[in-house]
Each structure stands twice: as C-alpha cells, then as structure tokens.
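*Asks:* Before we start, here is the structure in question, set down as structure tokens.
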Amino acid sequence: MPLTSLLLPPSADFWPQLARILLRQWRESEPNSQAGDFSTVRVLVPNFCHAQLLKSALAAELNRTFVPPRITTLQAWLKMLPPDPAEVPISSGTERMMSLYAELRQHAWLKKLFAARRNVDLLPLAQTLMTLFDELSEALLPAMHIEPNAAEEKWQAALEQLPLPARNILSDESQLVWSLWKTQLGNNDATAACLARMMRLAALADAPLVWISPSKPDALHDAFLRAYGERQAVQQVRLDWHADVIAPAFAKAWPEMPEQDEHQPPAYVDETHITRPDGVSLHACGSLEEEARHAAQTIIDWLQQGKSCIAIIAQDRVVARRIRALLERAAIYVSDETGWKLSTTRTAAAIAALLDVVSTRAETVALLDLLKSPCVLSDRPDKPDRVMEIEHALRRYNILGGWDAALNVLKNAPESRQLIELIAAQASTLTGRKTLSEWGEATDNALRALGMRAALETDEAGVQVVSLLDMLIHDCGDTHHAFSFAEWRAFLSLQLESTPYVPEDFDRRVVMLQLNGAQLRTFDAVIMVGADADHLPSQLNETLFFADAVRRELGLATKEMRQRMQMRDFAELLHANPHVVLSYQSYRNGEPNAASTWVERLQLTLERAGAEVLPVHSIDIARQVLKTLPVRMPSPAAPQLLPRKLSASAYNSLVACPYQFFATRMLGLAGLDELSDMPEKRDYGDWLHAILRTYHETVRDYKIASAAREELLRDISQKIFGEALAQSAAALGYYARWQKVIPAYLEWANEREASGWRFVFGEQRFEKILNWDGGQITLHGCIDRIDEHEDGSRAVLDYKTRNVQSLRDKIKETEDHQLAFYGMLSDLPVAAAHFVALEVTKDKTGDAEAKNFIEWQAMLEKQIVANVSAIASGTPLRASGIERVCVFCEVRGLCRKGAW
0 MPLTSLLLPP SADFWPQLAR ILLRQWRESE PNSQAGDFST VRVLVPNFCH AQLLKSALAA
60 ELNRTFVPPR ITTLQAWLKM LPPDPAEVPI SSGTERMMSL YAELRQHAWL KKLFAARRNV
120 DLLPLAQTLM TLFDELSEAL LPAMHIEPNA AEEKWQAALE QLPLPARNIL SDESQLVWSL
180 WKTQLGNNDA TAACLARMMR LAALADAPLV WISPSKPDAL HDAFLRAYGE RQAVQQVRLD
240 WHADVIAPAF AKAWPEMPEQ DEHQPPAYVD ETHITRPDGV SLHACGSLEE EARHAAQTII
300 DWLQQGKSCI AIIAQDRVVA RRIRALLERA AIYVSDETGW KLSTTRTAAA IAALLDVVST
360 RAETVALLDL LKSPCVLSDR PDKPDRVMEI EHALRRYNIL GGWDAALNVL KNAPESRQLI
420 ELIAAQASTL TGRKTLSEWG EATDNALRAL GMRAALETDE AGVQVVSLLD MLIHDCGDTH
480 HAFSFAEWRA FLSLQLESTP YVPEDFDRRV VMLQLNGAQL RTFDAVIMVG ADADHLPSQL
540 NETLFFADAV RRELGLATKE MRQRMQMRDF AELLHANPHV VLSYQSYRNG EPNAASTWVE
600 RLQLTLERAG AEVLPVHSID IARQVLKTLP VRMPSPAAPQ LLPRKLSASA YNSLVACPYQ
660 FFATRMLGLA GLDELSDMPE KRDYGDWLHA ILRTYHETVR DYKIASAARE ELLRDISQKI
720 FGEALAQSAA ALGYYARWQK VIPAYLEWAN EREASGWRFV FGEQRFEKIL NWDGGQITLH
780 GCIDRIDEHE DGSRAVLDYK TRNVQSLRDK IKETEDHQLA FYGMLSDLPV AAAHFVALEV
840 TKDKTGDAEA KNFIEWQAML EKQIVANVSA IASGTPLRAS GIERVCVFCE VRGLCRKGAW
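For reference, each letter of the sequence shown is one residue, going 0 to 899 in numbering that gives the first Met the number 0.
Structure below.
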C-alpha cells in the first residue's frame, strides 16, 4: 500500500489547510465521505489537544454535521489493544532501574569510577543509564527486529567515526553502557514490548492511517508506519522546514534550521524579500519583578481586548511562577500544562518530613516540622495545643534530638507525650533492610497510623503522591533485592522529583507551557519570558558516555539535533501566532544580560537587509496613589489584660519600656527559646546554680570542714558538667572557666561564713500577694539564696556570671529592681542584698551590696502599686524605651520605633 508524505509550512493556517486537503482526498477515495461519514479513516495526533483542533477545522470547513474520523494518540490506541496471552509480563521502569542499581552497587570499582561515596550516589547513575538504554532500544530494536546483528554492526560503524587514537582508548563508561544494554535486552523491557504491540496494531490494520507529527518519525515509529503501510495506505503529515516555505528572515538568520536535501547546496535566500515578522515584538526589563509585572499587565490588557486564548512560554520558570502569582491576585487563573515537580508540593514535603524524622532519629527541628504539617494527625482537635506544648518543652530544655530525650521532657504532659510515642512507634517500623514493595507498605502503614493518608487523599497533589506510592508498591512486587532505609528514601525522593504535578484545568484562557508544548498550536497572543541567552535556547543536559559522533551513527539524538528541534519550535511559534512578545531581563544580579543569540541574529539579519527591526513592546501600568497614614508612637491601653502575677523580670520590663511589657507580658508575644547545639551563657548559669545549691546544702547539713570543701565542690562540679558534656562536648569551655573560679569563690564563701553568715536555703520559689485599695497582684519568683547572720538578720544573694566591678556599676544605675523585688518576696524580713560575682578579677571574686536596702524595698512596693493601678485604670503604655533598651528588644519590629 502507498506510504506518502504531506508537508505543510508552519503557520496559523496549519489545521484549516490540512482539513481542506484531507477532505479533498477522502472525497476522492471514500464513497461514504460524500454523506459526511469519515469514520473509515484513522488519524493519529501527538496529543489530544490536537484532536480537538483537527475536529474544529473539519467542522469549520464542512459547516454541517458529520461523522469525524477515528482520531486518537498512539499511546491511547495501544492501551485499547486486547491483551495477548503469549505476552510476557513487562517489568516497570522503576523495577528495572532498581534492579540495575542493585547490580551496580555490588561493584566497588564502579563507585570509584563515578566518584560515588555511598551506594545511594549510584541511583542517579542508574536513572541516567535507564534513559540511555531506552534511547538505544528505540533507535536499534526496529533494525534488530529485521536483522539480529544490526545493532552490533551499527556499533562498529559508530566506532569508525572516531579518530583511531580515540577508538583505541574508548572510555570505560561507553563500553560499560553498551555491555549493560546488550545484557538487559533479553528482559523484554518496555521498549521491546511497545514495539511488539505496535507490530500487532500494524497486523490488524483495518483503515487508512493519517499520521500527524511536527517532525519526522523516529526509528520506532517509522518501523510501525512501514509495517502498517504493508496493509493499508499511510499518509505522514508534518511540518515543512525547507527554506523556500519559511519566512526569509528566519531562513537567513538561522541557516542551520531549514531542512537540507541530501547532496543539495544550501538554499539561497534573497535578502530583498526579507521583511520584519508581523506581530513579533521585544521587551527588555530591568529586573525579575519588572519582567513579571510587565508580562502580567500585558496578559490583562489582552484579555480586556477580547483575546481568550493566551499562552505563556515559560523559558524562565522563576519569572513564570511570579507571573502566575500576580495574575491570580487579579483573579486570573493560569492553566499550567508544564506542571512542576511533585517534590515541590506541600504533600510531598509532609512525607519528606516523616522520612527526615526517621533518618535523623527525632532531630528536634525535623520533629517539629513533621508535627506542624497539616497532614499529620489533622483529625485531632487538640493538636495545636499539643504541638505548642511539645515545642515549648523542647526549646526550653534545648533538646536537640533523640526519642528518649524528647519523651523525658514530656513526662509531665501525658497527652503530648502520647503523640511523640505514636510517631516513635511508626519510625521504628522504618528500619532494617526490605524489598521496595515492603518499604512501600511500611511507609503506607505509617502514613495511615499518623492520619496522613486520609489527609493526602483530600488534596489534589496529595492524591497524586498517594497514587505514586501505590504504584511503586504494585510495580515493584517482583523485585526481591533488599534495600536500606537510606536507599528507599533516596529512591522515593527521586520518584517525587521526576514526576510532574499538573493541576486540574478550570480556566483555559491563559495557558502556561514549555516551548515544545506549542507545537502545531495557535493562540490569540503569546508572551515568552526568559528570551535571553541563558534561557533561549534552553540549557541542554550533557549527554554522558557517548560522543556526538557515536550518537549520530547509532541513531541517537545529538546536541546539534536537539538544538535544531528547539530552534524549529521557536520559529514555528513566530510563524503560527499573530502576536508574540519576547521578554527578557537586560540586567540580572546587577550585571548586563544579553538577549538570546537567536533574537540577536534575527535583529542583525533585518538590519543588514534594510528592513525594520523588531519593535519594542510597551504597556502602561496604571499608577495608584495611596493615602499616607502617619505612624505614631504606639500607646495602647488594655486594663482588661492586666496580668494577675508579676515577676522581677516582668517588672523590669515595665520600667524599661511600658510597650515592651504590654507586648510580652500582657499579649504574651514573647519569642520562643532558640535551639542551639552549642551551650549558651544561660545554660552555664543553670549549671552553676545547681552546683552551688548542692554544695551549700551539703556543707550545711553535714558540717563539712573547710579543708574538704574544695574537693567537695569539684566533685559536685564534675558530676553536673559530666552530664552536660554527655550532651555537648562544647560545655568543656564553660567547665574550664568554672574551675578557675572555684578557689576564689571558696575563699569568698569561707570569709563570709567567718563573718557570721550562714547559708539557709537556695533556689526556692516564693509568692506574695500585694494589696491596695481596689486591687491586688501576686508577686512571684525564685530566690537564688538566703543567708542568715548570727544576729538574726537575713540577706538575699543573687548569683551573676559577671565580675564584681560590673555588678557594682549595675547597682549604682538603680535600673534593675531584682534584689529589692526578691527582698519583698521573702517570707521573713530581709535587711541586706548582694549580687555575687561568679567571675574572677585578678584571681579574686566577691559581692556587690545594695545600699539602703530596706528603704529600696518600701519604695519599690509603692512604685509597683502605682504602676499596676495605673495600668488597671487605663493609662496608655507608651513605647518610651531608651535606645540602649531598644537595641536588644525582641518586639521592636512591633512598635516600629524609627518609623515615627
């Protein structure tokens, strides 16, 4: 039967022109066509969107009812083929890849050859090899179907294309790929199965076939068309890229693009016929934001002009995402045909968070990320409270990770502890070595136990993630190789990374697609973002293992061929659409950024021919005048928020800045404790408080002699710091620092004891109710130490990890009321107060005594009553802190000091 070709030039009239030609042919050859019945003809199109374009063109040409031809895609037609009982079950792509990976990891020399430090580093290599194997199969299997030795002959012919020295030292990588490909041919892979099914379709040919494609069929499809043509007529329809049918400006600017007939000289292009392409314009932007705003406004203007089919060619995906966000702000929703990686969705992030918790053994940041995911335990109404309780506990005790540590700090919070126990139980199932199917089932069980599976199934992207997991469990059931958790995690991440997520379409007015997605399609207007040298042409992935000369001889796509295909896609875009705007950033990161070399070559060609160059596209973005509202110092009044309790630090905050007190103590906006893998000065203070309390209680209770006290203090210090060092070796610096202080501190303590003072208690909490006419407030706090003199008087001591002179200066400033506050808290009257220095100056330490302490307590009580009663009466709490306070204030961004 005849096998004919029909070449049509790239233009907006492609589908109407094809419809006219096909109708004329069918009327001449098909008796039923006069009645409008074309169902006896089969048409194969690249995608289903092309099927609609062809039907619309036929309907416009006939202008009456008709029975359309059987239009479908080859993949859809193959799926409708009845199963063949003799067909061997086909291994899935993932199963083949992991089987190959399992073989690769057995060879240490391979890891050395490809600089892989771990087994999982070979996974991308296995994926690359599978892609290359599919390329080889598609190119060589059709010839091997006829002549079994054809592949070997092509391989030898490919080697002959290399210079003799290169042929003699052909890389180990290329030899490895060729050997591995030949060994896996007997496994009846997907390409071989696809070829067999295509041959079955050809054997069942029952109608003439029209094959529509923008380019020549590859070896696999060419074999199918030839086999089909032995039984029925086949007509190939593709774009004509000869120089005499495309725009002269394009043929001259891009001489490598036109199709060259073999043994024919390059076509001559008459420069007198070169004219500026209609509807094509340029726009150079100064920044990413400017390019996105310009493109978004252009699309809005087109919609207002009545255009209903607009395309965004996303050469620069970052700009394209920003355009989408700007359009959605204007209630214009973009139909994204390119999709984005499934790994970038929040549902995939939830699964990644679970795997992170397992791999890090409950590292705190990973654990909190998992708990805060909306997919985890979303059916529990108390989840927000439990998560907050867990986070406060982990941050308060600076727990960096570990199941036991996390559970230990939650021993007094049974409900929150239960959540951690549930996650820990599921994490324990994701250990050891399992097959891929077993790993998939274990992960699925963990998702179900944590309520994640149900949550994922209510999300559009989550449904695709769950379907991917189910597919992996099903497709990998025959893989019996065992893999570690790290390998399963890397494999799952690779699948999420390579699977696109395409949201459902509900608004087709604006479509975002890649350049090759515009093949054989026409839009009312098109804007391409990223028409610069970095993005157009797209940066092609380097082909590993085979040089271009070898790839060309083997029938594989070379870098030159892939770039020519992309150039033709670009030329078709300019041919087929009435309005095309090419947008790019003339500056990126402060550096000049040139337009695409293809655009520059086109501009140069137009200039040389004396034609007009591409015009500049410009738009007007409406200016909006915003009303200014002067920013004033915040001065809220909230008597209803007056706290019932007051600590020394809270009162110091009130004195330092009333607004700071309002934000942190009345609104409760204090920041969470920061997690740190390094001990901080606060931790150092806590360790010293624990050491000194234990030491002085032991001396008091057991009457330890002076000679034995240094050994006692060092033993207690060693025990406390030993626990700290077990958690972080960085505590060693603080330990050495304290050891230098011990002799000086003991000397001071013994001198104080000799002067008549004795230790009463330490680290004890107190509360005291302060009453006045019309109100009361509870003072509370923890007193570091109370000493009692032989005459019965008492003194408050507060430890500070500072030197004596700085503490004396602190008392002179009279801005810190901590000592007087603690004196008021004491259950018995206190006549004196001291800051105790826990740092040495010239091998000495000591204390700084507060003067007139009794009068200070009386004055502080009056101040507290006056200030608290003022707040209760509605006095404004102004942001009146001085700069020294504001520098370290955690709510400065809230009061916005500096803006008023």
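Backbone N, C-alpha and C define an ideal beta-carbon position, used for all residues, glycine too.
Return the CA-CA distance between ILE168 and LEU175, expressed in angstroms with no decimal places.
*Replies:* A caution first: ILE168 carries a pLDDT of 49, below 50, which makes its placement in the model unreliable, though a value can still be read off. Taking the straight line from one Cα to the other gives about 13 angstroms.
*Asks:* Taking DSSP as the reference, what is the three-state secondary structure of PHE47?
*Replies:* Here PHE47 sits in helix by DSSP.
*Asks:* By the DSSP assignment, the alpha helix (DSSP H) with TYR733 in it spans what residues?
*Replies:* First-last of the alpha helix (DSSP H) with TYR733: 731-753.
*Asks:* In chain order, what residues of the same chain lie with their CB nearer than 7 angstroms to the CB of GLY845, ignoring the 5 residues before and after it?
*Replies:* If we look at GLY845 and ignore the five residues flanking it on each side, its Cβ neighbours are TRP747, VAL803 and ALA836.
*Asks:* By DSSP, does GLU882 sit in helix, in strand, or in coil?
*Replies:* GLU882: helix per DSSP, three-state reduction.
*Asks:* State the CB to CB distance for the pair VAL525 and VAL598, rounded to an integer number of angstroms; the pair is presumed to be in contact (CB under 8 angstroms).
*Replies:* Wrong, their Cβ atoms sit about 15 angstroms apart, outside the cutoff.
*Asks:* Express the C-alpha separation of LEU712 and TYR694 in angstroms, rounding to a whole number.
*Replies:* If you take the alpha carbons of TYR694 and LEU712, they lie about 6 angstroms apart.
*Asks:* Of all the beta strand (DSSP E) runs that stay within the bounds of the region 397-440, which reach a length of 3 or more residues?
*Replies:* None, since the region 397-440 contains no complete beta strand (DSSP E) of that length.
*Asks:* Within a Cβ cutoff of 7 angstroms, which residues of the same chain sit near LYS896, ignoring the five residues on either side of it in sequence?
*Replies:* Excluding residues within five positions, the ones whose Cβ falls inside 7 angstroms are ALA878 and CYS885.
*Asks:* For a quick check, are the C-beta atoms of ILE389 and SER427 less than 8 angstroms apart?
*Replies:* No, the Cβ-Cβ distance between ILE389 and SER427 is not below 8 angstroms.
*Asks:* In this structure, how does DSSP classify PHE113 when only helix, strand and coil are distinguished?
*Replies:* Reduced to three states, the DSSP call for PHE113 is coil.
*Asks:* Hey, could you find the ends of the alpha helix (DSSP H) TYR908 is sitting in?
*Replies:* Since the first and last residues shown for the chain are 0 and 899, residue 908 lies out of range.
*Asks:* Helix, strand or coil for ALA246 per DSSP?
*Replies:* ALA246: coil per DSSP, three-state reduction.
*Asks:* Pairing CB atoms from the region 849-868 with CB atoms from the region 810-827, are three or more of them under 8 angstroms?
*Replies:* Verdict: yes, contact present.
*Asks:* Looking at THR346: is its Cβ nearer than 8 angstroms to the Cβ of VAL464?
*Replies:* Yes. Within cutoff.
*Asks:* Assuming GLU766 is part of the beta strand (DSSP E), what are its boundary residues?
*Replies:* It spans 756-771 - the beta strand (DSSP E) in which GLU766 sits, taken as one unbroken run.
*Asks:* Identify which residue in ALA729, GLU29 and MET129 has its Cα closest to the Cα of THR182.
*Replies:* THR182 has its Cα closest to that of MET129, out of ALA729, GLU29 and MET129.
*Asks:* Do the region 199-215 and the region 226-235 make contact, defined as three or more Cβ pairs closer than 8 angstroms?
*Replies:* Yes, the region 199-215 is in contact with the region 226-235.
*Asks:* Tell me which residue opens and which closes the beta strand (DSSP E) that SER4 is part of.
*Replies:* 2-7 is the extent of the beta strand (DSSP E) around SER4.
*Asks:* Please check if any C-beta of chain C sits within less than 8 angstroms of the C-beta of ILE312.
*Replies:* This model lacks chain C altogether; it includes just one protein chain.
*Asks:* Can you name the start and end residues of the alpha helix (DSSP H) that TRP76 belongs to?
*Replies:* Start and end: 73-78.
*Asks:* Could you please give me the residues that DSSP links to SER334 through a beta bridge?
*Replies:* Beta-bridge pairing links SER334 to VAL510.
*Asks:* When you compare each of ALA669, TYR733, ASP243 and TYR658 to GLY684 by their alpha carbons, which one comes out closest?
*Replies:* It is TYR733 whose Cα lies nearest to the Cα of GLY684.
*Asks:* Assuming contact is defined by CB atoms lying nearer than 8 angstroms, are SER98 and THR478 in contact in what I supplied?
*Replies:* Yes, these two residues count as a Cβ contact at 8 angstroms.
*Asks:* Using C-beta distances below 7 angstroms, list every residue in its chain close to MET823, excluding the 5 sequence neighbours before and after it, in chain order.
*Replies:* Cβ neighbours of MET823 beyond the five flanking positions: LYS767, LEU778, GLN856, LEU859 and GLU860.
*Asks:* For TYR353, I'd like the list of residues in its chain whose CB is within less than 7 angstroms of its CB, leaving aside the five on either flank, ordered along the chain.
*Replies:* It is Leu, not Tyr, that sits at residue 353 in the sequence shown. If we look at LEU353 and ignore the five residues flanking it on each side, its Cβ neighbours are LEU369 and ALA445.
*Asks:* Going straight from the alpha carbon of LEU367 to that of LEU376, what length do you get?
*Replies:* One C-alpha to the other measures close to 13 angstroms.
*Asks:* According to DSSP, is ILE273 helix, strand or coil?
*Replies:* In this structure, ILE273 counts as coil in the three-state DSSP scheme.
*Asks:* How about the region 603-623 and the region 633-651: do they share at least three Cβ pairs that are nearer than 8 angstroms?
*Replies:* With a cut-off of 8 angstroms, the region 633-651 and the region 603-623 do not count as touching, because too few Cβ pairs lie within range.
*Asks:* Skipping 5 residues on each side, what residues in its chain have a beta carbon closer than 6 angstroms to that of TRP771?
*Replies:* Contacts found: VAL864.
*Asks:* So TYR100 is in the alpha helix (DSSP H); what residue range does that whole segment cover?
*Replies:* Its alpha helix (DSSP H) spans residues 92-103.
*Asks:* Whole angstroms is fine: what's the gap from PRO614's alpha carbon to ALA594's?
*Replies:* C-alpha separation (whole angstroms): 14 angstroms.
*Asks:* For my contact list, ILE245 and PRO257 are in at a C-beta cut-off of 8 angstroms; report their separation, rounded to the angstrom.
*Replies:* With a Cβ gap of about 7 angstroms, ILE245 and PRO257 count as contacting.
*Asks:* With which residues is TYR267 paired in a DSSP beta bridge?
*Replies:* The partner list for TYR267 (beta bridge, DSSP) is empty, contrary to what the question assumes.
*Asks:* Taking the beta carbon of ALA647 as the centre, do at least 16 other beta carbons fall within 10 Å, making it buried, or is it exposed?
*Replies:* Flag for ALA647 reads buried.
*Asks:* Do you know whose CA, among PRO247, PRO828, PHE522 and ASP469, lies nearest SER307's CA?
*Replies:* If we check each option's Cα against that of SER307, PHE522 comes out closest.
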